Structure formats: structure tokens, C-alpha cells
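Working notes, structure below.
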Amino acid sequence: MAAAAAAAADHDAAPRAHALILPYPAQGHVIPLMELAYCLIDRGFAVTFVNTEHNHRRVVAAAAGAGGVQAPGSRARRLRLVAVADGMGDGDDRDNLVRLNAVMEEAIPPQLEPILDGAGGEGQLGKVTCVVVDVGMSWALDAVKRRGLPAAALWAASAAVLAVLLGAQKLIRDGVIDDDGAPLKLENNSFRLSEFTPPMDATFLAWNFMGNRDAERMVFHYLTSSARAAAAKADILLCNSFVELEPAIFTLKSPATILPIGPLRTGQRFAHQVEVVGHFWQTNDDTCLSFLDEQPYGSVVYVAFGSLTIMSPGQLKELALGLEASGHPFLWVVRPGLAGNLPTSFLDATMGQGKGIVVEWAPQEQVLAHPAVGCFVTHCGWNSTVESIRNGVPMLCWPYFTDQFTNQIYICDIWRIGLKMVQTCGEGIVTKEIMVEKLKELLLDEGIKERVQRLKEFAETNMSEEGESTRNLNAVVELMTRPMSWNMV
């Protein structure tokens, strides 16, 4: 890592390379790709980070509120934030991912062409020399390959789900799923990618957990075509994971090699810096950390359900009453606009007495790294899962859709570092009594605590100077800095 340290030491030197990074427009994708951007900047790169206009405004506003945009003397001089139109109207529903996917594929590629060719490359960045795209944006690779640029594609979820997407055609031929991804032939609610791999739970067919068959069919085709395109057109496939998390996948003979470069430090590196992190909302850093500083070791219940999960008013109320009845201090992230659904009596009785706080957004990795946090009530998004592991925090799982159910199987049944809030994905209300019972069970389970600490140690080893994920990341840097002529088409 000496070369990376040397490169990071002088941010005024000419960039070693200029990478364009294009994330899928969701919070759980922007944050890890922003962290990858800083990993490249640490290794001497300049980066042009391309968000949709909608997300660009949110990222810039959140960073400005934290004092982080273009901080003098920081790595920000090597980072250029660029916005492109996503093709949606101002009043359109961007949570309608099926429509968003369709219009982006038409709207964004023509806008990337001039950026790739150096338009607006003010300062020292120069022309783009390499590209990293989100697998979900792999249609952008056509313009990249026409220019003969080295390209990588990052998958922001588990390597297992990507392996299943890449193996979908074989699953169709074997009669495991139909042409639209619906399960046909499962044994004990499981399937195998090949005769040489262990059984995989049906939740690894992650697209089937959206609650709407038409949407599931469209998402299946979008994800499988995106994964195949990424494997065919990118020079390398990356994922935010590490070998000990998914050993069966990383030894799997698959249509494409998946290279683990995780766990990416999605936020912790920024604890004492002012830089763009990629949050869509301004975080309440001082409020959160000051509250945690006042709590006993391992006592706080941290609750956060990501940027997309919607909870009914009735469920919000039961969750609030459950936190109050548990007797534990809590830090609860309630998305902007939803806090008004919380019972007034709850807010008065708990927050007024310092028993808990409710915030609109939190610096999650800093929270999870705090010694006062005892457990994480989570929707099981992949970023949240990896961040919890990186900090050795047990999880109480409350998934809502797609690969969140996959990750719950990993957490509770395979790694055994958490508990399920409910045993099925039904629509019933989780009562305050269930909440209290599950929190007590989790916080008293020493086996879970020991197992998550072991995974934390593996995570730290992988990101150490000689760790496997660090070596993989350095190999990606070497790939990206080869002369352009090596890969001309």
C-alpha cells in the first residue's frame, strides 16, 4: 500500500488517471461508489462522479450543510461532481424503479458521450481514461468500449445474488425458474447453481420478493440483462464483499469472475473530515454522537430502515411503543416527513427524558462504530449489513423486499449473527410485545456477539495493507492505469 500512500500524500500532483464513476441512482448505490471514488483518489486518481440531477442536488445540499463541498486543501480538488438528466419529469415518481430504469437507458447515454470526451473537465482532471459503472447501469458501457477505455462494474449487493443473476439462463434450462424468473422446481424451498454447489435458499432469487408479479418479472429481466452486459463488456466485476462472508460464491465456477474489494469504508473515514460522502440527506452528526457518548456500553438500540422502506402508521406506532417498553436507550432514524406519524405521548415520554432520540438521517457507520451501540434493527440492505459486520454489531432483521430477504438468510441462518423479527414475509403488524422479546433475546445472546466479532476481524484483515480485498483493489488500479491501447476494440 506504499504506492497508494505516496499517491495520497500529494494531491497537487498530476493525476495518475481520470476515472468516471456512474452509480445507480439509489442511496445504497451512491454511497459505496463514492467510497470507491475516494479509494481511487487515495491512489492518485482524479474522479468525475456522475449522479442524476435529482440526486446531485441532494448530495450537494447534504454535503454543503455539513461543510463538505470543495473544502480547501482536501481531496475534493480531485473530485468533480457532475449531473445528468434521468429522463423523468419533475413530478414523476422516482421510486417507480421499473419506469426509472426504462427512461434512464434512453436519456443518459447521449449525455455521457461529451463527459467521456472531456467536456467540462476544468482544472487538472483532463480527459476520462477509465470508467467504473454500477452493474445496474451497464448499458453505459457501450460508449465506454467504443473509446477503448478500461472499465469495471461494481455490484452493490451480495456476490451471491449477482452469481444467481449470471447463472439465470442455466436455471431456466434446468427448469428451476421460468423465462420470467418465477420459481418452478424448488426442493425444500431451495435450489443449486450447479451440482457442485450447496443448496441456496429461494430468497437468493431476490427479484421474487417485491409483492407484485408484474414488477418482479420486469425487474428480473432488467437485472439479468444488466448483469450479463456487465460481465460481457466490463473488464472486471467488483463487489462490496469479502471472501469469508461468501466463500462458496468466490470459489464458484461461474460465467464471470467476481472480485471482492470490501468492506468499503462507507462513511467511517469521514469522521474528522469534511468531504462529500454521498448522503441524500444531511446527517445529524453532533446530535447522534453526543447522545451516544452519554449512554452505557452496548446499551443503545440503533434503528434504521434505509432510504426506500415505507412503514405504515400503525407499524410505526407499535415500533415506537416497543422501543419505549424495552427500557433501552435508542437512536431511531425516521425518514424526512414520517416523524409526524409518531405518537405524541411517545415523543414526550421518551425523548423529553433523554431515553431516546429520533433523527431524519444519521452518520450510520460512525453510529455503528460507537461502543454504546448494542444492536442494529435493520431492513437488511447490503450496505447496512456490511457496515454492521465491519463494526461487530448484532442485527435484528426486518426486511421488506428483494435481496433484503436474501441478506436476512445470510445474517440469521448462515452467519448466525442476528435474529429475525418475524419468521415470514407476511403483512401482519409486528407488535410491541414481539419487539421487546426479540430485543431481549438478541442483546443476551453471547454466541451471536462472538460470531459477529469474528467476522469483524475478517473484515479488518481484508482491508489491511496485505489483506485480500486491498490486494484486489490494487489490482483494479493497475488494470485501470494500463495504456489505453491494450484494450482497443
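Be aware that the sequence shown starts at -13, since it is given in my numbering, and climbs by one per residue.
No residue lacks a Cβ here, since even glycine has one placed at the ideal position from N, Cα and C.
Being a predicted model, the structure only gives us computed values, none of them experimental.
Residue i (DSSP reduced to helix, strand or coil)
| i | result |
| --- | --- |
| Val408 | coil |
| Gly433 | helix |
| Phe266 | coil |
| Met90 | helix |
| Asp78 | coil |
| Arg66 | strand |
| Thr38 | strand |
| Leu140 | strand |
| Met381 | strand |
| Ile17 | helix |
| Ile415 | coil |
| Gly167 | coil |
| Val344 | strand |
| Leu302 | helix |
| Leu22 | helix |
| Met204 | helix |
| Lys239 | coil |
| Glu373 | helix |
| Asp72 | coil |
| Arg44 | helix |
| Pro233 | helix |
| Trp401 | coil |
In DSSP terms, what residue i is bridged to
| i | result |
| --- | --- |
| Ser176 | Glu173, Asp187 |
| Tyr288 | Leu317, Phe362 |
| Arg440 | Paired residue(s): none; Arg440 is not in a bridge. |
| Pro246 | Cys225 |
| Phe31 | Ala3 |
| Asp120 | Leu140 |
| Leu278 | Looking at the DSSP assignment, Leu278 forms no beta bridge with any residue, so it has no partner. |
| Leu151 | Looking at the DSSP assignment, Leu151 forms no beta bridge with any residue, so it has no partner. |
| Leu8 | Val119 |
Below-8 Å beta-carbon distance, residue i vs any chain D residue
| i | result |
| --- | --- |
| Thr364 | No chain D is part of this structure, which consists of one protein chain only. |
Buried or exposed by the 16-neighbour rule on C-beta atoms within 10 Å, applied to residue i
| i | result |
| --- | --- |
| Pro380 | buried |
| Ala257 | At Ala257, the pLDDT of 45 sits below 50, so the modelled position is not reliable; the number obtained from the coordinates is stated separately. With fewer than 16 Cβ atoms within 10 Å of its Cβ, Ala257 is classed as exposed. |
| Gln155 | exposed |
| Asn226 | buried |
| Lys239 | exposed |
| Tyr283 | exposed |
| Ala3 | buried |
| Pro58 | Per-residue confidence for Pro58 stands at a pLDDT of 41, beneath the threshold of 50, marking its modelled position as unreliable; the derived number appears in the next sentence. Per the 10 Å Cβ criterion, exposed. |
| Lys424 | buried |
| Val319 | buried |
| Arg66 | buried |
| Gln339 | exposed |
| Asn430 | The sequence given here places Leu at residue 430; Asn does not occur at that position. Counting Cβ neighbours within 10 Å, Leu430 comes out exposed, since fewer than 16 surround it. |
| Gly476 | For residue 476 there is no data in the structure shown, the boundaries of the chain being -13 and 475. |
| Ile343 | buried |
| Glu464 | exposed |
Beta-carbon proximity list for residue i, same chain, < 6 Å, skipping 5 on both sides
| i | result |
| --- | --- |
| Phe236 | Val229 |
| Phe266 | Gln13, Arg44 |
| Asp164 | Leu170 |
| Lys113 | Gly104 |
| Asp461 | The identity of residue 461 in the sequence shown is Ala, whereas the question assumes Asp. Here the set comprises nothing. |
| Pro9 | His15, Val16, Leu19, Asp120 |
| Met421 | Gly308 |
| Thr364 | Ser370, Met381 |
| Tyr24 | none |
| Gly122 | Tyr10, Ser212 |
| Phe162 | It should be noted that the sequence gives Val, not Phe, for residue 162. Correct list, in chain order: Lys171, Phe177. |
7 Å Cβ shell around residue i - same chain, five flanking residues per side excluded
| i | result |
| --- | --- |
| Asn458 | Leu245, Pro246, Ile247 |
| Ala149 | Leu179, Ile235, Leu238, Ser240, Ile244 |
| Pro329 | Lys303, Ala306 |
| Phe190 | Ala146, Val147, Val150, Thr392 |
| Arg376 | Pro249, Lys442, Ala445 |
| Pro299 | Asn327 |
| Pro184 | Ala234 |
| Thr467 | Arg2, Ala3 |
Sub-8 Å separation of residue i and residue j beta-carbons
| i | j | result |
| --- | --- | --- |
| Ala213 | Leu127 | no |
| Trp368 | Ala142 | yes |
| Ala32 | Leu140 | no |
| Ile27 | Val118 | no |
| Cys116 | Leu102 | no |
| Glu232 | Ser144 | yes |
| Ala311 | Lys219 | no |
| Cys274 | Ala348 | yes |
| Asp160 | Arg203 | no |
| Gln281 | Gly378 | no |
| Phe35 | Val68 | yes |
| Leu333 | Val286 | no |
Beta-carbon proximity list for residue i, same chain, < 8 Å, skipping 5 on both sides
| i | result |
| --- | --- |
| Arg80 | Pro11, His40, Asp72, Met74, Leu86 |
| Asn448 | Phe228, Val229, Glu230, Pro246, Gly248, Pro249, Glu454, Ser455, Thr456 |
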